[in-house]
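Working notes, structure below.
Numbering (my numbering), first residue to last: -1 to 563.
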């Protein structure tokens, strides 16, 4: 049975046998071609107090694996929201707020169940109602909710009363009454200008997370915010332009297709099978619909596809803001320059991926700079994606393939490496199948597979490995200067995360948990010295261990478990 020192949106009771689960819901100029953009120095690690559970017992350690609260304590479970100063401890069917440095109880009446909300806040249960308490024990919201949970990006809190939803901000302050039947944000609300989509009966609403403003709208959902403009979807009617406040632009006309807003223009099609052109942000036609394909604009123009006299599609070239060719059509394909781990394209401002066909089902790809109006990387790669304007993820021609499993099926995918603007390989293709920019662009994260056993690697922007492929999940905190490594088992509602290691932002280990040959777990400091247990023999696993999870645990073993839902 796994024990965790980090919990997600699921409610924790004081022990595994009484675990309660809540409802799961939810720079412009290019750098020199010879060098990647410089990075600021990594901040030093803050003083931390981290709950850690192994061998059925929980303790609190600092950032150097020093025991603050030893493993032989009388708590049933220990959890923390921010690893700073205080934490929650379960004992005698109640959650207590305790001081991390010495275990002193600050409040012994928090509630009978607990969940993590946004950073620094906990949800608690008292008399079957949910409330909100902070890390100092102050009740931010009295227990009056039927359910409570954060959005997936931990930017706000959703509460429920009598089947209706309301919103609290990240500090636990009430933004709305419980008026809504549904709330919808795919990913981070920042991608949508801080606007939350919601429904009240048949009415569509948006909620401004910054101001709390709520207003009815005529559309169903929002696209990502680009250049201060978004596209809004109207079911059965297509798409329209709205501003950062969610107000319709121009005459509010809908189109079957709207592209990505950029540099004052957005591609449009009246109908899916009609030619495309460009609108300005007031909805006026800036470039008449005359092309077979229309990409996002950069400072020097956008890549558009010829529409031939017989109605067929030609090649892509660069057009200016009048629709005239600046670079004659020569590419067989043009798309967004970024690539997700699943192979979907994503926008990288000012760049586009261009392709030249090499066969019936093959092509070479490169990068075109829309801000400079020139080809940056000549097509010659079976796969390429931009990580900003200084780094590219590439697969090499004739390079190795890797078998990956995803959603029950296997497929062959190329392994990828990292290339700088000059064409120098910073990281040769090896085991990674995807590399993404992460953590405000300061670091890169790579993965070596797609299934639940795939590992994550942390790289700097020079392609150097900081944290190797040991853990399924990495949690990077730039402000407090740490990286946590987690083992993840299961998936979806059944996924559990088990803390296994701590690193500084330069990748130096500060502690790790290893499993000995006999199955016992052992805490090691950053130098590999055993901290607890120094002799793992009493904690070795027998063949019968874990076979009967319903049996009463031994008096000296206290488990803590959660699942991410």
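Positions of the beta carbon are idealized from the N, C-alpha and C atoms, including for glycine.
Cross-strand partners of residue i (DSSP beta bridge)
i: residue 56; result: 51
i: residue 119; result: 132
i: residue 375; result: 365
i: residue 261; result: Bridge partners of residue 261: none, in fact.
i: residue 168; result: Per DSSP, none; premise fails for residue 168.
Three-state secondary structure assigned by DSSP to residue i
i: residue 454; result: strand
i: residue 279; result: coil
i: residue 322; result: coil
i: residue 429; result: coil
i: residue 101; result: coil
i: residue 491; result: helix
i: residue 327; result: strand
i: residue 465; result: strand
i: residue 200; result: coil
i: residue 414; result: coil
i: residue 342; result: coil
i: residue 188; result: helix
i: residue 537; result: helix
i: residue 521; result: strand
i: residue 183; result: coil
i: residue 273; result: coil
i: residue 514; result: coil
i: residue 531; result: coil
Straight-line Cα distance separating residue j from residue i
i: residue 35; j: residue 459; result: Only weak support exists for where residue 35 lies, its pLDDT of 48 falling under 50; the value from the coordinates is given anyway. One C-alpha to the other measures close to 8 Å.
i: residue 420; j: residue 439; result: 20 Å
i: residue 317; j: residue 368; result: 10 Å
i: residue 633; j: residue 52; result: The chain is shown from -1 up to 563; residue 633 falls before or after that span and cannot be answered.
i: residue 212; j: residue 280; result: 24 Å
i: residue 157; j: residue 119; result: 14 Å
i: residue 58; j: residue 538; result: 22 Å
i: residue 183; j: residue 194; result: 6 Å
i: residue 489; j: residue 135; result: 33 Å
i: residue 457; j: residue 492; result: 29 Å
i: residue 448; j: residue 102; result: 44 Å
i: residue 363; j: residue 372; result: 15 Å
i: residue 359; j: residue 173; result: 52 Å
i: residue 42; j: residue 506; result: 11 Å
i: residue 408; j: residue 497; result: 29 Å
i: residue 229; j: residue 142; result: 37 Å
i: residue 273; j: residue 241; result: 25 Å
i: residue 343; j: residue 337; result: 5 Å
i: residue 445; j: residue 265; result: 34 Å
i: residue 501; j: residue 80; result: 16 Å
i: residue 385; j: residue 461; result: 12 Å
i: residue 152; j: residue 406; result: 30 Å
i: residue 454; j: residue 321; result: 44 Å
Cβ-based neighbour list, residue i, same chain, cut-off 6 Å, excluding 5 preceding and 5 following
i: residue 197; result: 179 and 180
i: residue 122; result: 108, 109, 112, 129 and 131
i: residue 478; result: 44
i: residue 303; result: 289, 290, 291, 311 and 314
i: residue 254; result: 236, 267, 269 and 270
i: residue 15; result: Because residue 15 carries a pLDDT of 30, less than 50, the predicted location of this residue cannot be relied on, and the following value inherits that uncertainty. So the list is empty, once near-sequence residues are dropped.
Contacts around residue i, its chain only, beta-carbon distance under 8 Å, and the 5 residues preceding and following it disregarded
i: residue 231; result: 217, 218, 219, 220, 221 and 237
i: residue 62; result: 508, 509, 523 and 524
i: residue 176; result: 157, 158, 159, 160, 162, 163 and 164
i: residue 199; result: 179
Residue i CB to nearest heavy atom of the ligand ZN below 7 Å
i: residue 417; result: With respect to the ligand ZN, the structure shown offers nothing to examine, as it has no ligands at all.
Presumed contact (8 Å Cβ cut-off) between residue i and residue j, rounded CB distance
i: residue 275; j: residue 289; result: 7 Å
i: residue 155; j: residue 170; result: 7 Å
i: residue 353; j: residue 377; result: 6 Å
i: residue 431; j: residue 413; result: 6 Å
i: residue 66; j: residue 98; result: 6 Å
i: residue 392; j: residue 357; result: The Cβ separation is near 19 Å, so there is no contact.
i: residue 365; j: residue 332; result: With 8 Å as the limit, residue 365 and residue 332 do not qualify as a contact, their Cβ atoms being about 11 Å apart.
i: residue 443; j: residue 436; result: 4 Å
i: residue 69; j: residue 55; result: 4 Å
i: residue 481; j: residue 471; result: Not a contact, Cβ separation roughly 11 Å.
i: residue 483; j: residue 499; result: 4 Å
Below-8 Å beta-carbon distance, residue i vs any chain D residue
i: residue 353; result: Within the model displayed, chain D is absent; a lone protein chain is all it includes.
Own chain residues within Cβ distance below 7 Å of residue i, not counting five before or after
i: residue 106; result: 92 and 94
i: residue 64; result: none
i: residue 278; result: 262, 263 and 284
i: residue 294; result: 257, 258, 260, 300 and 345
i: residue 572; result: What the structure shows of the chain is the stretch from -1 to 563, and residue 572 is not part of that stretch, so it cannot be assessed.
i: residue 251; result: 238 and 281
i: residue 397; result: 412, 413 and 427
i: residue 441; result: 456, 457, 458 and 474
i: residue 330; result: 313, 353, 354, 355 and 361
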